[in-house]
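Asker: Pasting a structure here, questions to come.
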Amino acid sequence: MKHLTPIILFVYNRPEHTKKTLDALAANHLAAESELFIYVDGLKSGAQIKDIQKTQEVKKLAEAENRFKKTTIIASDFNKGLASSIIDGVTKTLVTNDRVIVLEDDLETSEYFLHFMNDTLAFYQEDNEVACISGYIYPVDEKLPETFFLRGADCWGWATWKRAWDLFEPDGKYLLDQLTKKKLLYDFNFFDSYPYSKMLKDQIAGKNNSWAVRWYASAYLHEKLTLYPSTSFVRNIGIDGSGTHSGKRDFWQSKHLTGKIHLEKITPLEDKDAKLIVARYFTILMKKSLSGHVKYAILSILNRFRNS
1355 MKHLTPIILF VYNRPEHTKK TLDALAANHL AAESELFIYV DGLKSGAQIK
1405 DIQKTQEVKK LAEAENRFKK TTIIASDFNK GLASSIIDGV TKTLVTNDRV
1455 IVLEDDLETS EYFLHFMNDT LAFYQEDNEV ACISGYIYPV DEKLPETFFL
1505 RGADCWGWAT WKRAWDLFEP DGKYLLDQLT KKKLLYDFNF FDSYPYSKML
1555 KDQIAGKNNS WAVRWYASAY LHEKLTLYPS TSFVRNIGID GSGTHSGKRD
1605 FWQSKHLTGK IHLEKITPLE DKDAKLIVAR YFTILMKKSL SGHVKYAILS
1655 ILNRFRNS
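Residue numbers for the sequence shown follow my numbering, beginning at 1355 and rising by one.
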């Protein structure tokens, strides 16, 4: 492999999660040959002593990291928040690189995560229909193809090219207006099985600041695709109540992270059968959740793309 894709890691004030994320990433077979950019967000105004200490611990972890080919630390003097950090960081890194792999401080990766991301980024480098590679897939019970495409973009352990990220539209209202005008909301919401448009409305209303739902909508409107694996290379270890927008739940967790898989380039077309499988998973999830505490369920469902 001639050129490995640079990795961006966004961190803030969760040292235990950051360490687990870094340890798992460093255990990847291509880690020592990869360049890592760590974006450290600054403190919020009026931060408590415990938050100051945690942020300092995270910064020390970043500065001590030496398991990659090269590690660059970009520390903010003020708190940008996750949405602005990711939008600014991805945009900045793509000024000097044509593609990037993106992680947050609560994502544990399989040791073959970087293999999968680099191989598929190379496969679809020249395919303008493809906007994103996702290392995460929902823990569905039904069998999925080894790899497959869905329309849009995703956000837990993902990668993209500059040509695709240039399509990112930060104006949520514009995105919602276009989806409505083109009568795409039913499909955008996975056949009304998942409330993506509600998240977009909440972002417009200032109830969340999700970059992820805007990334999904931007790619979706341009009829771009994301490639997914049949089983997940990524596990979110932050859904334990420790994050700004997380709650305690295991709805999104894969039982096992996948090992190395045989990869072949496939035709960039949305897999309608796979989309139906995911939609059925969302529907079952909603029913299971709503049979318990309603508030808990709603937070669980909405949080998947409300990482802002």
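Think of the CB as a built atom: it goes at the ideal place given N, C-alpha and C, for glycine as much as any other residue. Note that the structure is a prediction, hence the values are computed from the model and not measured.
At the level of alpha carbons, what is the spacing between Ser1488 and Gly1511?
Answerer: In the sequence shown, counting from the first residue as 1, residue 1488 sits at position 134. In the sequence shown, counting from the first residue as 1, residue 1511 sits at position 157. Between Ser1488 and Gly1511, the C-alpha separation is close to 6 Å.
Asker: Rounded to the nearest angstrom, what separates Glu1577 and Pro1369 at their Cα positions?
Answerer: Locating residue 1577 in the sequence shown gives position 223, counting from the first residue. Locating residue 1369 in the sequence shown gives position 15, counting from the first residue. Distance between the alpha carbons of Glu1577 and Pro1369 is about 38 Å.
Asker: Assign Ile1362 to one of two classes, buried (16 or more other C-beta atoms within 10 Å of its C-beta) or exposed (fewer than that).
Answerer: On the sequence shown, residue 1362 is found 8 positions in, with the first residue counted as 1. That one is buried.
Asker: Check this for me: beta carbons of Ser1572 and Glu1618, under 8 Å apart or not?
Answerer: Here residue 1572 is taken as the residue at index 218 of the sequence shown, counted from 1. Here residue 1618 is taken as the residue at index 264 of the sequence shown, counted from 1. No, the Cβ-Cβ distance between Ser1572 and Glu1618 is not below 8 Å.
Asker: Near Gly1396, which residues of its chain fall below 6 Å by C-beta distance, leaving aside the five closest residues on each side in sequence?
Answerer: The residue you call residue 1396 lines up with position 42 of the sequence shown. Once the five neighbours on either side are set aside, the close Cβ partners of Gly1396 are Ser1430, Asp1431, Phe1432 and Asn1433.
Asker: Could you check whether the segment 1480 to 1487 touches the segment 1370 to 1387, counting it as contact only if at least three pairs of C-beta atoms, one from each stretch, sit closer than 8 Å?
Answerer: Contact fails: fewer than three Cβ-Cβ distances are below 8 Å.
Asker: Does DSSP classify Arg1634 as helix, strand or coil?
Answerer: Taking the sequence shown and counting its residues from 1, one reaches residue 1634 at position 280. Correct three-state label for Arg1634: helix.
Asker: Could you tell me which uninterrupted beta strand (DSSP E) segments, each at least 3 residues in length, are contained entirely in the segment 1477 to 1542, listed from first to last along the chain?
Answerer: Runs found: 1484 to 1488, 1501 to 1505 and 1512 to 1515.
Asker: Could you name the residues of the same chain whose beta carbon sits closer than 8 Å to that of Ala1633, not counting the 5 residues immediately before and after it, in chain order?
Answerer: Position 279 of the sequence shown, counting from 1, holds the residue named residue 1633. The residues are Phe1544, Phe1545, Ser1547 and Tyr1548.
Asker: Report the CB separation of Leu1436 from Leu1376 in whole angstroms; it is logged as a contact under 8 Å.
Answerer: Mapped onto the sequence shown, residue 1436 falls at position 82. Mapped onto the sequence shown, residue 1376 falls at position 22. About 18 Å separates the two Cβ atoms, so there is no contact after all.
Asker: Considering only their Cβ atoms, is the gap separating Thr1637 from Tyr1582 smaller than 8 Å?
Answerer: Counting from one through the sequence shown, the residue named residue 1582 turns up at place 228. Counting from one through the sequence shown, the residue named residue 1637 turns up at place 283. Contact flag unset, no.
Asker: From the DSSP output, read off the bridge partner residues of Thr1621.
Answerer: In the sequence shown, the residue the question calls residue 1621 occupies position 267. Answer by DSSP bridge pairing: none, since Thr1621 is not bridged.
Asker: Taking the beta carbon of Lys1413 as the centre, do at least 16 other beta carbons fall within 10 Å, making it buried, or is it exposed?
Answerer: What you label residue 1413 is simply residue 59 of the sequence shown in a count that begins at 1. Per the 10 Å Cβ criterion, buried.
Asker: Quick one: any contact between the segment 1464 to 1471 and the segment 1559 to 1573, if contact means 3 or more CB pairs under 8 Å?
Answerer: Contact between the segment 1464 to 1471 and the segment 1559 to 1573 is absent, because fewer than three Cβ pairs lie under 8 Å.
Asker: Just verifying my parser: in three-state terms, what is the DSSP assignment at Ala1589?
Answerer: Translated into the one-based positions of the sequence shown, residue 1589 becomes position 235. In the sequence as presented, Ala is not what sits at residue 1589; that position holds Arg. Three-state DSSP puts Arg1589 in a strand.
Asker: Helix, strand or coil for Val1567 per DSSP?
Answerer: The residue given as residue 1567 occupies position 213 in the sequence shown. It is helical.
Asker: Under 6 Å Cβ to Cβ from Glu1411, same chain only, skipping five residues before and after it: list those, please.
Answerer: By one-based count along the sequence shown, residue 1411 stands at place 57. Counting only Cβ-Cβ distances below 6 Å, and skipping sequence neighbours, we find Pro1369.
Asker: If you draw a straight line from the C-alpha of Asn1451 to the C-alpha of Lys1642, how long is it?
Answerer: Along the sequence shown, read from residue 1 onward, the residue named residue 1451 stands at position 97. Along the sequence shown, read from residue 1 onward, the residue named residue 1642 stands at position 288. One C-alpha to the other measures close to 43 Å.
Asker: Roughly how far, in whole angstroms, is the beta-carbon of Thr1409 from the beta-carbon of Asn1367, given that I think they are within contact range, below 8 Å?
Answerer: What you label residue 1409 is simply residue 55 of the sequence shown in a count that begins at 1. What you label residue 1367 is simply residue 13 of the sequence shown in a count that begins at 1. Right, the Cβ-Cβ distance comes to about 5 Å (below 8 Å), so this counts as a contact.
Asker: Within the present structure, is the beta-carbon of Pro1549 separated from the nearest heavy atom of the ligand COA by less than 7 Å?
Answerer: Judged by which ligands are present, the structure shown has none, so any question about the ligand COA falls away.
Asker: Note down the Cα distance separating Lys1536 from Trp1565, rounded to an integer number of angstroms.
Answerer: For the purposes of this step, residue 1536 is taken as residue 182 along the sequence shown, with counting starting at 1. For the purposes of this step, residue 1565 is taken as residue 211 along the sequence shown, with counting starting at 1. Answer to the nearest angstrom: the Cα atoms are 22 Å apart.
Asker: So, Val1454 versus Thr1447, is the Cβ gap smaller than 8 Å?
Answerer: In the sequence shown, counting from the first residue as 1, residue 1454 sits at position 100. In the sequence shown, counting from the first residue as 1, residue 1447 sits at position 93. Yes, Cβ-Cβ distance for Val1454 and Thr1447 is below 8 Å.
Asker: I need the straight-line Cα distance from Leu1358 to Glu1480, nearest angstrom please.
Answerer: On the sequence shown, position 4 is the one that residue 1358 refers to. On the sequence shown, position 126 is the one that residue 1480 refers to. Approximately 16 Å, taken between the alpha carbons.
Asker: Measuring only the C-alpha atoms, how far is Gly1597 from Ala1378?
Answerer: Counting from 1 along the sequence shown, the entry for residue 1597 is found at position 243. Counting from 1 along the sequence shown, the entry for residue 1378 is found at position 24. Reliability fails at Gly1597, whose pLDDT of 43 lies under 50, so the model's placement of it is uncertain and the value that follows must be treated cautiously. Approximately 19 Å, taken between the alpha carbons.
Asker: From this set, Lys1404, Tyr1490 and Phe1391, which residue's C-alpha is nearest Ile1591's C-alpha?
Answerer: Your numbering for residue 1591 matches position 237 in the sequence shown. For the residues Lys1404, Tyr1490 and Phe1391, the minimum Cα distance to Ile1591 belongs to Tyr1490.
Asker: Would you kindly work out how many angstroms separate the C-alpha atoms of Gln1557 and Asp1508, rounded to a whole number?
Answerer: The sequence position of residue 1557 within the sequence shown is 203, counting from 1. The sequence position of residue 1508 within the sequence shown is 154, counting from 1. If I take the Cα positions, the gap works out to 17 Å.
Asker: Give every residue of the same chain whose Cβ lies closer than 6 Å to the Cβ of Lys1516, excluding the five residues on either side of it in the sequence, and list them in chain order.
Answerer: Here residue 1516 refers to the residue found at position 162 of the sequence shown. So the qualifying residues of the chain are Leu1448 and Asp1452.
Asker: Which residues share a DSSP beta bridge with Tyr1366?
Answerer: Start at 1 with the first residue of the sequence shown, and residue 1366 comes out as number 12. DSSP, once it has assigned bridges, lists no residue as partnering Tyr1366.
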